[in-house]
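Presented below is the structure to which this report refers.
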Amino acid sequence: MYQRQEIFNIIEFFTSQKLINFYTTLFENLDLSPLPDKVPSKYGPTGFSRNALFRAFIVMKCEKFAQVTELKDFLENNLIIAKLCGFDILKPLPSYSVFQRFIKNLSNSYLKEIMKNQVNILKELGFIDNKFISVDATPVKANTKFNNPKSFSKNKFSKNNPPSSDKDCKLGVHTANNSINVKASEDKPNNSKKKYEFYWGYKNHVSDAISNLIEILATTNEWFSLEGSYIIADKGYDSKQNHDFIRNTLKGHAFIPLNKRGTKKKNLTSTGNVICDAGLVMHKDGKQYFDSYIKQKFCCPFRTSKDDSLCPCNHKKYFNGKKNRSCVKYITISTDYRSSINRDSIFFKKIYSLRTESERYNSRWKNLNTEQAYVRNINSVTNLNTIGHICLLTVAIAAIKSGCVDKYKSLSGFRRTA
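With my numbering, letter number 44 in the sequence shown gets 398, and the count goes up by one each step, no holes.
See the structure below:
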């Protein structure tokens, strides 16, 4: 026992001083007050500190480990890091099943409170504000054989054939340029075919589908005011409801491109008149006014004529036997906030270009080895995703308070300066 104690007295020799300094600084800037350290129980052993287990998962993200087994081996080989997490290194460290139960059973509400605290600290430090809010989403692939490019299962991307290994995941699709399970849309020329990939998994949303945006903004607005903000998002979030919520509820401005969703291009003249199937310019014939749009009616220039030979294409509606013969067409002119935005203006394009910041953040987040899930339930995936965000936020706080402001967006850069 004496010899073993002597070894533990020099555990620093097994870990680099830079790594020790990095985690010491990181944990000093991690506020875990929202997470109860112990769960009272009348039965069974006391168990491990939940704060220590949480810090261990922060280590897992910082070291970019994908699986708990890698984390466990790292802590066994770097006992000083395990001690910094809060474990008693004179006793056995948590087993694989302990880590697995912790991340599965922990309520995500605790992690959200920790994340909110870290965001508010950055706000107090003056490094984030609510003037520009960029929203983006990135896929998280589930741990299932259906996502394996080498899997030849039939109908593996059918909604009627969900994977049995993860009942919580959903079928998703995203654009992909360098993927194996790729299809190209056939409605475009060969030189501009858009490639997309199906996957089973989840979506990680960041605020740096349509109904989700309102929910995300409304929830965020409860603890981080978005009033008067410029909300930036890609065309996947384009909808009347989203624009109205941003304008009427948040009193902000939306910078979201139009998503035409496969609508056909209208055949119009420079004056806005419809050109009929026969190539004739139709005449305006009244309007109908609705709450958020105007319905403009167009009629055939020969609608009152009795000459059966005037229609160049002999359209069947020209011989309908009615007093006002031939075709009638309508176009809808939107008058809501969504249609009033000038998306060709320099101002819109300049603000919208800031959206790349959320894409860069997503890239840093995925670099923590979070793009592929190695757990098989939605609570574990959600908790690991949130811990990834907390990790990046804590690195930013630690870098700023340590005087390394230029490294607050770089995990590896800050580690080198520790």
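Idealized CB from N, CA, C, for every residue including glycine.
For clarity, every value in this text was computed on a predicted model and none was experimentally measured.
For the alpha helix (DSSP H) containing residue i, name the first residue and the last one.
i       : result
Ile-744 : 732-755
Asp-427 : 422-431
Cys-416 : 404-416
Ile-468 : 462-478
Thr-771 : 765-771
Phe-701 : 700-706
Ile-482 : No alpha helix (DSSP H) holds Ile-482; DSSP gives it neither H nor E.
Tyr-691 : 691-694
Can you list, in chain order, the residues of its chain with a C-beta nearer than 7 Å to that of residue i? Leave out the 5 residues immediately preceding and following it.
i       : result
Asn-532 : Low confidence applies here, because Asn-532 scores a pLDDT of 45, under 50, leaving its location unreliable; read the following figure in that light. For Asn-532, where only same-chain residues beyond five positions count, there are no Cβ hits under 7 Å.
Tyr-691 : His-597, Asp-598 and Arg-601
Asn-405 : Leu-386, Leu-389, Asp-391 and Gly-440
Tyr-356 : Note that Tyr-356 scores 47 on pLDDT, short of 50, meaning its location in the model is unreliable and no value can be drawn from it.
Asn-432 : Phe-368 and Thr-369
Thr-513 : According to the sequence as given, residue 513 is Lys; it is not Thr. Cβ within range, chain order: Leu-525.
His-637 : Phe-652, Cys-653 and Pro-655
Lys-761 : Ala-753, Gly-767, Phe-768 and Thr-771
Using a Cβ-Cβ cut-off of 6 Å (strictly less than) and excluding sequence neighbours within five positions of residue i, which residues of its own chain qualify?
i       : result
Pro-394 : none
Asn-678 : Arg-657
Val-494 : Gly-555, Tyr-556, Asn-558 and Ala-727
Arg-354 : Any question about residue 354 goes unanswered here, given that the chain covers just 355 to 772.
Ala-775 : Nothing can be reported for residue 775, as the shown portion of the chain is limited to 355 through 772.
Ile-564 : Below a pLDDT of 50, predicted positions are generally treated as unreliable, and Ile-564, at 48, falls in that range; no measurement from the model is reported.
Lys-499 : Ser-505
For the candidate residues the options, whose alpha-carbon lies nearest to that of residue i?
i       : options                               : result
Leu-476 : Phe-578, Ile-457 and Lys-513          : Phe-578
Leu-389 : Ser-646, Lys-521 and Leu-407          : Leu-407
Cys-416 : Leu-525, Ile-741 and Ser-756          : Ile-741
Asp-442 : Phe-402, Arg-455 and Val-413          : Phe-402
Asn-613 : Ser-693, Phe-673 and His-637          : Ser-693
Glu-551 : Phe-511, Thr-573, Ser-756 and Gln-371 : Phe-511
Asn-383 : Pro-399, Phe-428, Val-473 and Pro-503 : Val-473
Phe-411 : Pro-399, Thr-400 and Lys-426          : Lys-426
Lys-619 : Ile-685, Val-527, Ile-434 and Val-413 : Ile-685
Lys-776 : Leu-438, Phe-673 and Leu-622          : As displayed, the chain neither begins before 355 nor continues past 772, which places residue 776 out of reach and without an answer.
Pro-448 : Glu-478, Arg-409 and Tyr-464          : Arg-409
Cys-667 : Thr-378, Ile-687, Ala-632 and Asp-645 : Ala-632
Phe-486 : Ser-712, Lys-549 and Leu-765          : Ser-712
Leu-664 : Asp-645, Leu-634 and Glu-467          : Leu-634
Give the range of the beta strand (DSSP E) segment to which residue i is assigned.
i       : result
Leu-525 : 524-529
Asp-490 : 486-495
Thr-724 : Taken as a continuous stretch (DSSP letters only), Thr-724 belongs to no beta strand (DSSP E), as it is neither H nor E.
Asp-592 : Segment: none, Asp-592 is in no beta strand (DSSP E) and carries neither H nor E.
Ser-688 : 682-688
Tyr-647 : 647-653
Tyr-672 : From DSSP, Tyr-672 is part of no beta strand (DSSP E); its letter is neither H nor E.
Tyr-377 : Element bounds for Tyr-377: not the beta strand (DSSP E) but the alpha helix (DSSP H), 371-382.
Lys-641 : 637-643
Tyr-584 : 584-586
Tell me which same chain residues have a C-beta within less than 8 Å of the C-beta of residue i, skipping the five on either side of it?
i       : result
Lys-641 : Ile-648, Lys-649, Gln-650 and Lys-651
Ala-420 : Asn-723, Gln-726 and Tyr-728
Thr-423 : Tyr-450
Pro-611 : Asp-588, Lys-589, Asp-592, Arg-697 and Tyr-706
Checking 7 Å against the spacing of the C-beta atoms, do residue i and residue j come in under that value?
i       : j       : result
Cys-681 : Lys-670 : no
Leu-460 : Asn-739 : no
Glu-581 : Lys-605 : yes
Tyr-643 : His-607 : no
Leu-429 : Ala-436 : yes
Ser-734 : Lys-458 : yes
*Counting Cβ pairs, one atom from each stretch, are 3 or more of them under 8 Å apart for the region 745-755 and the region 623-633?*
no
*the region 728-737 / the region 444-464 touching (three or more Cβ pairs under 8 Å)*: yes
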